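Here's the structure we're looking at; comments come further down.
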Ligand SMILES: C[S@@+](CC[C@H](N)C(=O)[O-])C[C@H]1O[C@@H](n2cnc3c(N)ncnc32)[C@H](O)[C@@H]1O
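Residue numbers (this note's numbering): 2 to 212.
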């Protein structure tokens with residue numbers, strides 16, 4: 002966790018993109034989230050994808066460990082949130098936009114009730130030992146029938162130190178398949194990364210339905 006605090010305090014946030022993720026824009030309609038769905042965005046950073054989903058009519062519940070990231074998110078959008086303490090977490094709210102600041106893994110199940118979720122650079126940001134707990138949290142924060150869109154990376158793990166960590170498609174199936182319907186929507190070959198000494202890097206996009 003210190004790792005992420007340090008990343009934000011030294012502005013080493015190469016994962017942050019100033020534009021909406023093109024795979025979100027391409028596939029969000031495919032998963033057919035109800036327009037009234039509250040969308041959970043675990044490990045949200047300050048992603049502008051939250052604004053895009055808000056514009057689609059959704060309510061948003063982001064979860065982010067580092068307070069500096071949450072403050073930058075609201076400051077950069079010129080929004081002043083109301084801030085409430087909730088145990089070891091803080092709830093930042095402005096209209097339909099909520100960001101819960103604190104550790105995803107200590108968030109109680111009643112902290113959010115979502116009917117959809119979006120994972121970009123979230124599960125792949127976690128080492129493999131934390132993945133089962135991540136799936137358990139998604140399961141407890143999302144109601145039955147919730148739909149999810151998840152983007153992953155896979156590459157020979159020995160060729161690069163994460164994050165992002167390699168999350169092969171078979172592992173997604175192994176971790177989710179007993180409590181979620183899993184559909185692979187697309188796999189892309191990322192050629193540019195070969196210049197960084199990675200022999201093969203793919204990105205997969207999954208549709209998930211919580212049973
Ligand atoms: C790779 S970044 C991705 C951010 C965002 N999803 C995006 O696409 O820009 C991962 C984020 O997760 C946050 N994070 C890491 N561990 C966390 C935890 N246990 N609970 C909540 N947030 C966490 C980090 O501070 C960081 O902002």
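Where is the CB? At the ideal position from N, CA and C, for every residue including glycine. Bear in mind that the values here come from a model prediction, so they are computed numbers and not experimental data.
Could you check if residue 39 is buried or exposed, using at least 16 other CB atoms within 10 Å of its CB as the buried criterion? Buried, by the Cβ-count rule.
Please report the straight-line C-alpha distance between residue 178 and residue 91, rounded to a whole angstrom. If I take the Cα positions, the gap works out to 32 Å.
Based on DSSP bridge pairs, tell me the residues matched to residue 124. DSSP lists no beta-bridge partner residue for residue 124.
Regarding residue 121 and ligand 1, is the C-beta to nearest heavy atom distance less than 7 Å? Because some heavy atom of ligand 1 lies under 7 Å away, the Cβ of residue 121 counts as near it: yes.
From which residue to which residue does the alpha helix (DSSP H) around residue 161 run? From DSSP, residue 161 is part of no alpha helix (DSSP H); its letter is neither H nor E.
Would you check if the distance between the CB atom of residue 131 and the CB atom of residue 66 is smaller than 8 Å? Contact flag unset, no.
Three-state secondary structure (DSSP) of residue 111: Residue 111 sits in a helix when the DSSP states are folded into three classes.
Roughly how many angstroms lie between the CA atoms of residue 277 and residue 176, to the nearest whole one? Lying before the first or after the last residue shown, residue 277 is absent from the chain, which here runs from 2 to 212.
Are residue 148 and residue 206 closer than 8 Å when you measure CB to CB? Going by C-beta atoms, residue 148 is not nearer than 8 Å to residue 206.
Which runs of the alpha helix (DSSP H) at least 4 residues long sit entirely within the segment 59 to 106? Give them in chain order. You should have 68 to 77.
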